[in-house]
Amino acid sequence: MLVKNIFYSTDTSSLNLEINKTQEAILMSIKDHQNKSMNEISRFIGLEKSSYTRSVDILVEKGFLEKENNKIDKRKIHLSLTEKGKNATKAIDEIMDIYLENICSNFTANEKNEFINALHIVSQYSLKISNNKNGGKT
């Protein structure tokens, strides 16, 4: 919840991406979890399949993502970032880093390291919880 709150509190409007926070979250999740299925990523983000599919379609239309059907199982779709999507996730990461730096500006070096490590741990446990809800599939 903390990681999600930090993400949704970060103002990325200066990037002029013309996408909403949910769509940004999808881009960032695809960047961080490239080998996950659409279902796994939608569960990780906390979106129903229909909402996720609509958002993905918009991201494809706007040139941030590409869809490719799995050659073996046509029901599975692989999503990948386009160059525009990679540039967007890099810019979002940079703004999030600045936001976290501002949050940590009054921390000692040790407190800052502990805070960043805690965020990393929370993120990893969130992924494990998501995997468990998904039957342990990765």
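According to numbering that gives the first Met the number 0, the stretch in the sequence shown is residues 0 to 137, in order.
Built from N, CA and C at the ideal position, the CB exists for glycine as well.
Measure the beta-carbon distance from residue i to residue j and round it to whole angstroms, keeping in mind my assumption that it falls under 8 Å.
i, j, result
"alanine 90", "leucine 26", "Not a contact, Cβ separation roughly 10 Å."
"serine 36", "lysine 75", "6 Å"
State buried or exposed for residue i, treating a residue as buried only when at least 16 other CB atoms are found within 10 Å of its CB.
i, result
"threonine 88", "buried"
"serine 54", "buried"
"serine 12", "exposed"
"serine 41", "buried"
"lysine 136", "The predicted position of lysine 136 is uncertain, since its pLDDT is 49 and thus under 50; a value taken from the coordinates is nonetheless stated next. Counting Cβ neighbours within 10 Å, lysine 136 comes out exposed, since fewer than 16 surround it."
"serine 110", "Strictly speaking, residue 110 in this sequence is glutamate, with serine absent from that position. Glutamate 110 should be labelled exposed."
Please tell me whether residue i and residue j are closer than 9 Å, where the distance is taken between their beta carbons.
i, j, result
"isoleucine 44", "threonine 21", "yes"
"asparagine 38", "lysine 48", "yes"
"phenylalanine 6", "glutamate 17", "no"
Original post:
Is the number of C-beta pairs between the segment 58-69 and the segment 81-96 that are closer than 8 Å three or more?
Top reply: yes
**OP:** Report the residue ranges of all beta strand (DSSP E) runs contained in full by the segment 85-132; include only those spanning at least 3 residues, in chain order.
**Re:** none
Subject >> Within the segment 27-51, ranges of the alpha helix (DSSP H) (whole runs, at least 4 residues) >> reply: 37-44
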